[in-house]
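The sequence shown maps to residues 710 to 1226 in this note's numbering. Here is the structure we will look at, set down as structure tokens.
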Amino acid sequence: MKYINPPGSFCQDELESGVDGCCVTLFLTDYINLSLCKEHEVVEMDENNGLVLIELNPPNPWDSDPRSPEDLAFGEVQITYLTHACMDLKLGDKRMVFDPWLIGPAFARGWWLLHEPPSDWLERLCKADLIYISHMHSDHLSYPTLKKLSARRPDIPIYVGDTERPVFWNLDQSGVQLTNINVMPFGVWQQVDKNLRFMILMDGVHPEMDTCIIVEYKGHKILNTVDCTRPNGGRLPEKVALMMSDFAGGASGFPMTFSGGKFTEEWKAQFIKTERKKLLNYKAQLVKDLQPRIYCPFAGYFVESHPSDKYIKETNIKNDPIQLNNLIKKNSDVVTWTPRPGATLDLGRMLKDPTDSKGIIEPPEGTKIYKDSWDFEPYLNTLNAAIGDEIFLHSSWIKEYFTWAGFKNYNLVVRMIETDEDFNPFPGGYNYLVDFLDLSFPKERPSREHPYEEIHSRVDVIRHVVKNGLLWDDLYIGFQTRLQRDPDIYHHLFWNHFQIKLPLTPPNWKSFLAHCS
């Protein structure tokens, strides 16, 4: 079953999919309607840029070897919220951690933690028997966090899904020494001990990079859909003991970083308001449909705290987890939990009596909940170091880089402009055109009819990305660009390539510099 769309471009407004930290938003067009997908199908793009529906088989893999729930002792299963998408799960005598981002920024310098993690976060990570990392985005795969962890436990078992782009594709270059990374097939139970098992599932919209997980202990399922837009193609277990998912929105440069044409401040504000409301209603309906015993909104607790991103912070309004939970309670009997760092949910108590005062233990009175300071300097110093790199003394780096990137034969002309903090042209910075039809670098725009984009990028981030062969998520999701386009068309193939499909190894700058010499 296939639906063909015009190669790589979409003519209607981007509609955020509601994923936090997801690099590709969901686009609804006249050419494909994702609602046509059956619940057990995922969408992939074929070699002709058509969209292909692929059936998941079996559609409900968690039903293989079913187990009946057993009684849980009080304290036997405890879930402690640390920050953002990071949960610390005590499951009998095993400990499991989800997506540890506890220090530093995500997406270059654009995202910072909203919540203050518990002071013992590193000890908690070191005690874990296994860690699940859902995908490669830096608010889930945090190399600064893993660097701290690997210094004490380099052999800690880490589990990831077998995505098309490996989750740890950049491990060697990161300098983080981890020796026990396990890539798991989708839809297969992984037995940890006689009582504990887990299963990793792919996302139906972004199977090349996104995953979610079901953890089962003594027959009680915990469903964590993380950032998935359509987890497991929309087919999920019902009546699980605990479900957690993203909720906030705002994990995209659209529309805050766009200008020109319709992109007035009034239009942006109305668009954001409308999309956040859609996301809130979608999440509430999903919870109502799946009927988990308990629901927890997480994976959306970030803030654009650097002073230079004040405009983004003020514009990029996010959903309130309390508002979502109130909406859920209004429409269903599901128990909700709005987590605070260090709070612990006792699953045995909550399943027996949701009104048990000891079912959720809040952090001690006086515990710092929200961060009010961030250690910007070391991370900005790393980015700034790229500005003066020898690579950029030679203008031929432009051709070298985009040849390495490998995107061409597409009718799009892009002007790249290096800027300062305030997106003014950087003194002595590069301002150049790339014609992706023939991968040329003209002085002027070609005379043929062509779509055109201007991408203004902070010089420290764009040079850091170029030097290290990183994905452009740092630019786009990290709010480090300002964009204009004519006509107002989203070029999916272009952005998908630079956000997901760049080569797995960085450009060979050593060879480049030798050639320049």
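Cβ coordinates follow ideal geometry from the N, Cα and C atoms, glycine included.
Cα atoms of I1031 and S773: separation of roughly 36 Å, rounded to the nearest angstrom. Sequence-distant partners of T1190 (beyond 5 residues in either direction) whose C-beta falls short of 7 Å from its own C-beta, in its chain, are G962, T966, I1164, H1165, S1166 and L1184. Around L989, the same chain offers N1028 and L1033 as residues with beta carbons nearer than 6 Å, after the five sequence neighbours per side are excluded. A Cβ-Cβ separation of about 6 Å places V892 in contact with V869 under the 8 Å criterion. Residue state for S1166 is assigned as strand, using DSSP reduced to three classes. Across the set L1121, E1127 and Y852, the C-alpha of L1121 shows the shortest separation from the C-alpha of F1145. Of the candidates F1011, F907 and L1222, the residue whose Cα lies closest to the Cα of L1102 is L1222. Only exposed fits T888, as fewer than 16 other CB atoms lie within 10 angstroms of its CB.
Inside the stretch 961-1006, DSSP marks whole alpha helix (DSSP H) runs of 4 or more residues at positions 974-999, from first to last along the chain. Looking at the DSSP output, R874 sits in no beta bridge, so it has no partner there. W1204 and Y1119 have their C-alpha atoms some 12 Å from each other. Each residue's CA atom was taken as its position, placing P1212 and F1116 some 11 Å apart. Per the C-alpha coordinates, the member of K799, G1187, I1100 and H1206 positioned closest to A960 is G1187. Assigned with DSSP and collapsed to three states, P940 falls in strand. Here DSSP, grouped into helix, strand and coil, assigns A1223 to helix. Remark: C-beta atoms of P916 and K930 do not approach each other more closely than 9 Å. Between the alpha carbons of V1044 and S1149 lies a gap of roughly 58 Å. Between the stretch 1073-1082 and the stretch 796-812 there are fewer than three inter-stretch CB-CB distances shorter than 8 Å, so the stretches are not counted as touching. Apart from sequence neighbours up to five positions away, the residues of its chain that approach V949 with a beta-carbon distance below 6 Å are K930, L932 and P1001, ordered along the chain.
In this structure, the straight-line span from the alpha carbon of L1202 to that of Y1141 is close to 21 Å. Judged by beta-carbon spacing, H844 lies within the 9 Å limit of D919, meaning their Cβ atoms are closer than that value. By alpha-carbon distance to A1114, the top candidate from W1181, R818 and L999 is W1181. When DSSP assignments are scanned along the stretch 815-855, the uninterrupted stretches of alpha helix (DSSP H) that are 4 or more residues long and fall wholly within it turn out to be 830-836. Secondary-structure assignment with DSSP links H929 through a beta bridge to Y926.
In the DSSP assignment, R1058 falls within the unbroken alpha helix (DSSP H) covering L1056 to K1061. DSSP, read as helix, strand or coil, puts P1050 in coil. Where I909 is concerned, the enclosing beta strand (DSSP E) starts and stops at L905 to M911. By the CB criterion at 9 Å, G913 and P768 fall outside the cutoff. Rounded to whole angstroms, the Cβ separation of P1160 and H1200 is 7 Å, and the two are in contact under 8 Å. E1127: member of the beta strand (DSSP E) spanning V1122 to T1128, first to last residue.
In terms of Cβ geometry, G896 and G958 do not form a close pair [threshold 9 Å]. Taking 9 Å as the cut-off, the Cβ atoms of P1216 and E1109 count as close.
With a cutoff of 9 Å on beta-carbon distance, I1107 and Y1079 are scored as not near each other.
In this structure, the beta-carbon distance from R1124 to E1158 does not fall below 9 Å.
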